[in-house]
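Those protein sequences? They're chains A and B, same order as listed.
For what it's worth, the working numbering labels the leading residue of the first sequence as 1, then goes sequentially.
For what it's worth, the working numbering labels the leading residue of the second sequence as 1, then goes sequentially.
For every residue, glycine included, the Cβ atom is placed at its ideal position computed from N, Cα and C.
There are 2 protein chains.
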Amino acid sequence: MVTIYDIAKKANCSAMTVSKVINNTGKISESTRQRIQQIMTQMNYVPNSNARSLVLQQTKLLSLLIADITNPFYTTLARGAEDEAKRLGYQLLFSNSDESIVKEQEYIETVLSARVAGVMITPVGDSSLNHLKLLEQYRIPFVLIDREVPGVDADAVLGDSKEGASQLTEHLIALGHRRIAMINGHLETSTARYRLEGYQQTLRSHDIPYDEQLMMEMGFNQTNADEHMSKLLSLKEPPTAIFAANNLIALAAIRSLRHKGYLVPEDMSIVCFDDLETNYVLDPFLTVASQPAYDFGTVGIQTLIERIQGNRKQIKHIVLPPKLIVRGSSAVRIITQ
Amino acid sequence: MVTIYDIAKKANCSAMTVSKVINNTGKISESTRQRIQQIMTQMNYVPNSNARSLVLQQTKLLSLLIADITNPFYTTLARGAEDEAKRLGYQLLFSNSDESIVKEQEYIETVLSARVAGVMITPVGDSSLNHLKLLEQYRIPFVLIDREVPGVDADAVLGDSKEGASQLTEHLIALGHRRIAMINGHLETSTARYRLEGYQQTLRSHDIPYDEQLMMEMGFNQTNADEHMSKLLSLKEPPTAIFAANNLIALAAIRSLRHKGYLVPEDMSIVCFDDLETNYVLDPFLTVASQPAYDFGTVGIQTLIERIQGNRKQIKHIVLPPKLIVRGSSAVRIITQ
DNA sequence: CAAATTAGGGTTATCGATAACCCTATTATA
DNA sequence: TATAATAGGGTTATCGATAACCCTAATTTG
Numbered sequence: 001m002v003t004i005y006d007i008a009k010k011a012n013c014s015a016m017t018v019s020k021v022i023n024n025t026g027k028i029s030e031s032t033r034q035r036i037q038q039i040m041t042q043m044n045y046v047p048n049s050n051a052r053s054l055v056l057q058q059t060k061l062l063s064l065l066i067a068d069i070t071n072p073f074y075t076t077l078a079r080g081a082e083d084e085a086k087r088l089g090y091q092l093l094f095s096n097s098d099e100s101i102v103k104e105q106e107y108i109e110t111v112l113s114a115r116v117a118g119v120m121i122t123p124v125g126d127s128s129l130n131h132l133k134l135l136e137q138y139r140i141p142f143v144l145i146d147r148e149v150p151g152v153d154a155d156a157v158l159g160d161s162k163e164g165a166s167q168l169t170e171h172l173i174a175l176g177h178r179r180i181a182m183i184n185g186h187l188e189t190s191t192a193r194y195r196l197e198g199y200q201q202t203l204r205s206h207d208i209p210y211d212e213q214l215m216m217e218m219g220f221n222q223t224n225a226d227e228h229m230s231k232l233l234s235l236k237e238p239p240t241a242i243f244a245a246n247n248l249i250a251l252a253a254i255r256s257l258r259h260k261g262y263l264v265p266e267d268m269s270i271v272c273f274d275d276l277e278t279n280y281v282l283d284p285f286l287t288v289a290s291q292p293a294y295d296f297g298t299v300g301i302q303t304l305i306e307r308i309q310g311n312r313k314q315i316k317h318i319v320l321p322p323k324l325i326v327r328g329s330s331a332v333r334i335i336t337q
Numbered sequence: 001m002v003t004i005y006d007i008a009k010k011a012n013c014s015a016m017t018v019s020k021v022i023n024n025t026g027k028i029s030e031s032t033r034q035r036i037q038q039i040m041t042q043m044n045y046v047p048n049s050n051a052r053s054l055v056l057q058q059t060k061l062l063s064l065l066i067a068d069i070t071n072p073f074y075t076t077l078a079r080g081a082e083d084e085a086k087r088l089g090y091q092l093l094f095s096n097s098d099e100s101i102v103k104e105q106e107y108i109e110t111v112l113s114a115r116v117a118g119v120m121i122t123p124v125g126d127s128s129l130n131h132l133k134l135l136e137q138y139r140i141p142f143v144l145i146d147r148e149v150p151g152v153d154a155d156a157v158l159g160d161s162k163e164g165a166s167q168l169t170e171h172l173i174a175l176g177h178r179r180i181a182m183i184n185g186h187l188e189t190s191t192a193r194y195r196l197e198g199y200q201q202t203l204r205s206h207d208i209p210y211d212e213q214l215m216m217e218m219g220f221n222q223t224n225a226d227e228h229m230s231k232l233l234s235l236k237e238p239p240t241a242i243f244a245a246n247n248l249i250a251l252a253a254i255r256s257l258r259h260k261g262y263l264v265p266e267d268m269s270i271v272c273f274d275d276l277e278t279n280y281v282l283d284p285f286l287t288v289a290s291q292p293a294y295d296f297g298t299v300g301i302q303t304l305i306e307r308i309q310g311n312r313k314q315i316k317h318i319v320l321p322p323k324l325i326v327r328g329s330s331a332v333r334i335i336t337q
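1. Between the region 170 to 187 of chain B and the region 132 to 151 of chain B, do three or more beta carbon pairs fall short of 8 angstroms?
2. Three or more C-beta pairs under 8 angstroms: does that hold for the region 192 to 200 of chain A against the region 294 to 307 of chain A?
3. Could you give the first and the last residue of the continuous beta strand (DSSP E) run that contains B:V149?
4. Determine the extent of the beta strand (DSSP E) in which B:M216 is found, giving its start and end residues.
5. Quick one, which residues of the region 26 to 56 of chain A are near chain B if we go by CB-CB under 8 angstroms, in chain order?
6. Is it the case that the Cβ atoms of A:I270 and A:S329 are separated by a distance below 8 angstroms?
7. What are the start and end residues of the beta strand (DSSP E) that includes A:Q91?
8. Can you tell which of A:I101, A:G80, A:L92 and A:M40 has its C-alpha closest to the C-alpha of A:A67?
9. Mind checking which residues open and close the beta strand (DSSP E) that includes B:M182?
10. Does DSSP classify A:L112 as helix, strand or coil?
11. Taking 8 angstroms as the CB-CB cut-off, is B:E277 touching chain A?
12. At 4 residues or longer, and completely inside the region 187 to 221 of chain A: list those alpha helix (DSSP H) runs for me, N to C.
13. Answer yes or no: does any C-beta atom of chain B fall closer than 8 angstroms to that of A:K260?
14. Leaving out five residues before and five after B:L187 in sequence, what residues of the same chain have Cβ atoms less than 8 angstroms from its Cβ?
15. With a CB to CB cut of under 6 angstroms and the five nearest residues on each side skipped, what residues in its chain are close to B:I325?
16. Give me the Cα-Cα distance between B:L132 and A:M1, rounded to the nearest whole angstrom.
17. Is B:S53 near B:R139, with beta carbons less than 8 angstroms apart?
18. Tell me the residue span of the alpha helix (DSSP H) that contains A:A254.
19. Who are the neighbours of A:Q137 on chain B, taking C-beta pairs under 8 angstroms?
20. Could you say which of A:S19, A:S31 and A:I69 lies nearest to A:Y45 if we only look at CA atoms?
21. Can you check whether the CB of A:I108 is closer than 8 angstroms to the CB of A:L144?
22. Indicate whether the contact test is met: 3 or more Cβ pairs, each with one atom in the region 253 to 265 of chain A and one in the region 72 to 83 of chain A, closer than 8 angstroms.
23. My output table needs one value for B:A67: the three-state DSSP class, helix, strand or coil.
24. Let me check understanding here. Comparing Cα to Cα, which of B:F220, B:K260 and B:A117 lies closest to B:S234?
25. So, does the CB of A:I183 fall closer than 8 angstroms to a CB anywhere in chain B?
26. Restricting to Cα atoms, I'd like to know which of B:N224, B:E99, B:Q91 and B:H228 is closest to B:Q58.
27. Would you list, in sequence order, the uninterrupted alpha helix (DSSP H) runs of no fewer than 4 residues that lie entirely inside the region 3 to 48 of chain B?
28. Tell me, please, whether the CB atom of A:A366 is closer than 8 angstroms to any CB atom in chain B?
29. Using a cut-off of 7 angstroms between C-beta atoms, extract the partners of A:A114 located in chain B.
30. Leaving aside the five residues before and after A:S166 along the sequence, list all residues of the same chain whose C-beta is less than 8 angstroms from its C-beta, in chain order.
31. DSSP on B:I315, reduced to helix/strand/coil?
32. Closest to B:F94 by CA distance: which of B:F73, B:V119 and B:D283 is it?
33. Please name the residue, chosen from A:I121, A:I334, A:P322 and A:I335, that lies closest to A:G164 on a Cα-to-Cα basis.
34. Flag this pair as yes or no: are the beta carbons of B:L172 and B:F243 separated by less than 8 angstroms?
35. Quick one: residues in its chain with C-beta nearer than 6 angstroms to the C-beta of B:R312, no 5 flanking neighbours on either side, listed in chain order?
36. Between B:S97 and B:N221, what straight-line distance do the alpha-carbon atoms span, to the nearest angstrom?
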C-alpha cells in the first residue's frame, strides 16, 4: 500500500508536507503542492483511514441497526440512510437484529470496537435500555428510529403511531365495522403501545366497548398468524375487521384467512401500518397508514450527524406523520342476517 | 474511551500483558488472567479496532456494493451477505451504485481508504474494469456477484443467465408463442449478453427467425417502458409475448400494457428473470426464472473470505442455477382471426 | 548441585497520519 | 540598515494495539 512516506520520498519532502497538502492546512508553495498532488495521483495514493481515525479519534463510519433489511419498511429506510450518509461524507455499516435482544447486544459491542462515529438504531424494545446505556457511557452518539425506549433520552425519529392507528380505526368504523380486532406487535415496543392506544381511544370516542378477546399480540416479524386467526374466528361474535400493527402481520393474516376459506375484504376487512413499495407491487391491495420510510432514513442520518458534529445540544424528537391510503383490503361491513 | 493502558494501570501490569490476555497469546498465569479479565468487564473495555487494524494491516470490514438495495433481488442478497459475514466475524459496509459508473468509482475509492478486507461487488458493467484494476493493484480481494467483467480475472458468483433465458423462452414457445419480444438490460453487462444469447439460441433451435424489431434495450433499473412498448405494439406483426430481462422491467411492462388497455396474459404473456420475495407478495403473478438471491449473498461472502484468508489460490467461478416458476403472467397464445 | 529450561511478564519499535511546535531563508517594515 | 514578520517546510510525539525480543526468578534435569 502506498503511504504518505512513499509519496514524500518520491517528492523529496517530508511526510508532514504531504499531509498538509492532503488536508489543505499549513503553508505550502503552489509548486510543491502541485508536484505532490501529481505524485499522489500517479501512485494512486489513498489515505489510510485507520491511521487517521486513530490520531483524530473519530471515524467517518456510521452504523445502522435494523430488525431486518428484507422488511420493505427497513429496505427503503436503509436506502434513504445510505444516500444521506454518502452525501455527507460518511459510510454505512448495517446489521439485522431480527428483533432479538441478544443479537442487538452483540452488535453494539462490535460497533463499539469499530469506533463508529454514530449509531442509527431501531431498538428491539424496552430491554434495549442496557446496551443503549453502554453507547451513552462511551459517548457514541445515537439516534433512535421508529421506536422510543423509556429511560433513554436521545434523539429520535418517530412515526405517529397513535395518530395512524386512530386513522385506520376511524376508517374501519366509518365503513360500519364495530367488531374490530387488533393484531399487535410485542407491547415491549413503544410503537405497539401507541398503536394500541390510538385504537382504544378511537373505539372509545365512538362508544364501542373495548373487548380483550379481540386483542392479539405477536412479534412484528412473526408469522404464527394462523393460530391467532383461529381464535378470532371462533369467538361467539367474531370480528368483521382487523387492524394489523404492520404490513407483515396483515399479509400473514390475509393468507391465513384465505387458507381457511374466507375472503378479504368481503368476509373480513384488513388494514395495517406501513405500505409496501408500490414500485414492486403490481396491484396494491392493502389499506394502510403509510409511513415515509425513506425520510426516516435521511432525517435519521441528518439528526445523527448534527449531533456528531456537535451543532446541537438539546435532544430532538422528530415526528413524521403517517398517511392513510385506502385500497381494496377494507370495505363496507356487510350486514348479514 | 477505555484502553489497554487503563486496564494495565488498574491491574498493575503492563499493557502487553493485557494484550496477551485479550488475544490469548503468550504465557500468563491463571490468576492474572482472571484479574485482568475481570477488570476489563468491569470497565467495559472494548478494543479499538482502528489501532488493531493499523498494526495488523487488516480489518474485519467487508464492503458490499450493489446497484440498489431496494431492488428485491439485492435486498435478499444483502441479507444473505450480512448473515454470513456476521457468522464469520466480519462487518459489512454497503452502498448503492444505481448502475452508475461514476458512483461506483467514487465508492471504490472510499472503500480503499477504509482498508476493507474485501469487496463484494455487482459491477455496473464492462467499464467497471478500471476500478476493479485499482482493487487488484491494492491487492484487495474482491468477488464479482451476478456479473462478469471481461478482462477481470477474479472469483465470481454467477447465475446461469443463458440457461434461464432458454427456459423462459422455451416455456413461451411451448405455449404457442412465436413472436416473442425481449426487453433487455444494457448489453454492457454480461448478464444481458448471456440472456440475449439464451433467447436467440432457443429461437434458433425452434426455427423461429430472430427479428431485431423485437429487441429492446433499456437499463435494468429504468422505467421508460412505455416508449418501448409503444414501438412493439405498433409493429406490423406485434409480439404476443415478452421476455423481460428482470422483474423490474417486467412490472414496468405490465403497467405500461395495462395503461394502454392490454391485458396480461390474455393479450400478452410476460416472463422475466428474478422472483419477488413471495413473503411480501400477496398474489404472485410473474412467471419467472428465479435465482437464489440469498445464496448469492452467502456464497459470495464465503468465497471472498476464503480468498482473504488465503486458503485458496486458483480463481473460482460458482454458478447458481435458476429455477423456472410458472405463474399467471404467461398463458397459451390465443390465435385470433 | 550446577546448568538448562521455563513460567510469567516487561521493553521497545511499529503501523500511517497528524498536531504542535520548531527552524531558516527571504521579504517587509521601521 | 537592522529588525520583525512570514513563507515554506521539517521534527517529534502521539493515537492504541501488537510483534519481536528481552529479562528474572523459579523449576527441572542430568
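According to the structure data:
1. Counting C-beta pairs with one atom in each stretch, the region 170 to 187 of chain B and the region 132 to 151 of chain B have fewer than three that are closer than 8 angstroms, which means they do not touch.
2. No: the two stretches stay apart, fewer than three of their Cβ pairs being nearer than 8 angstroms.
3. For B:V149, there is no enclosing beta strand (DSSP E), since its DSSP letter is neither H nor E.
4. Counting along the chain, the beta strand (DSSP E) containing B:M216 begins and ends at M215 to E217.
5. Of all residues in the region 26 to 56 of chain A, N44, V46, P47, N48, S49, N50, A51, S53 and L54 have a Cβ within less than 8 angstroms of some Cβ in chain B.
6. Against a cut-off of 8 angstroms, the Cβ pair of A:S329 and A:I270 comes out as a contact.
7. Residues Q91 to N96.
8. For the options A:I101, A:G80, A:L92 and A:M40, the alpha carbon positioned closest to that of A:A67 is the one of A:I101.
9. Membership of B:M182 in the beta strand (DSSP E) is indicated by the continuous run I180 to N184.
10. Helix, per DSSP.
11. With respect to chain A, the C-beta atom of B:E277 has a partner C-beta closer than 8 angstroms.
12. Taken in chain order, the complete alpha helix (DSSP H) segments of 4 or more residues contained in the region 187 to 221 of chain A are 190 to 205.
13. With 8 angstroms as the cut-off, A:K260 does not count as an interface residue toward chain B.
14. The answer, listed in chain order, is R193, L196 and E217.
15. Closer than 6 angstroms at Cβ, skipping near neighbours: V288 and S290.
16. Near 16 angstroms, if we compare the C-alpha coordinates of A:M1 and B:L132.
17. Contact annotation: B:S53 and B:R139 have beta-carbon atoms that are not nearer than 8 angstroms.
18. It is Ile, not Ala, that sits at residue 254 of chain A in the sequence shown. That run of the alpha helix (DSSP H) goes N247 to H259.
19. Going along chain B in sequence order, the residues near A:Q137 (Cβ under 8 angstroms) are N44.
20. Between A:Y45 and the set A:S19, A:S31 and A:I69, the nearest pair of CA atoms involves A:S19.
21. With respect to A:I108, A:L144 sits apart: the two C-beta atoms are not nearer than 8 angstroms.
22. Touching, no.
23. Residue state, collapsed to three classes: coil.
24. Out of B:F220, B:K260 and B:A117, B:K260 has the C-alpha closest to the C-alpha of B:S234.
25. Not an interface residue.
26. If we check each option's Cα against that of B:Q58, B:Q91 comes out closest.
27. Entirely contained in the region 3 to 48 of chain B, the alpha helix (DSSP H) runs reaching 4 residues are, in chain order, 4 to 11, 15 to 23 and 30 to 42.
28. Residue 366 of chain A falls outside the range modelled here, since chain A spans only 1 to 337, and no answer is possible.
29. Chain B residues near A:A114: S49 and Q91.
30. The residues are G198, Y199, Q201 and T202.
31. In the three-state DSSP reduction, B:I315 falls in the coil class, being neither helix nor strand.
32. Checked all of B:F73, B:V119 and B:D283; the closest Cα to B:F94 is B:V119.
33. Of the listed residues, the one whose Cα sits closest to A:G164 is A:P322.
34. Cβ distance < 8 angstroms, so B:L172 and B:F243 count as in contact.
35. In its chain, beyond the 5 residues on either side, E306 have a beta carbon closer than 6 angstroms to the beta carbon of B:R312.
36. Taking the straight line from one Cα to the other gives about 11 angstroms.
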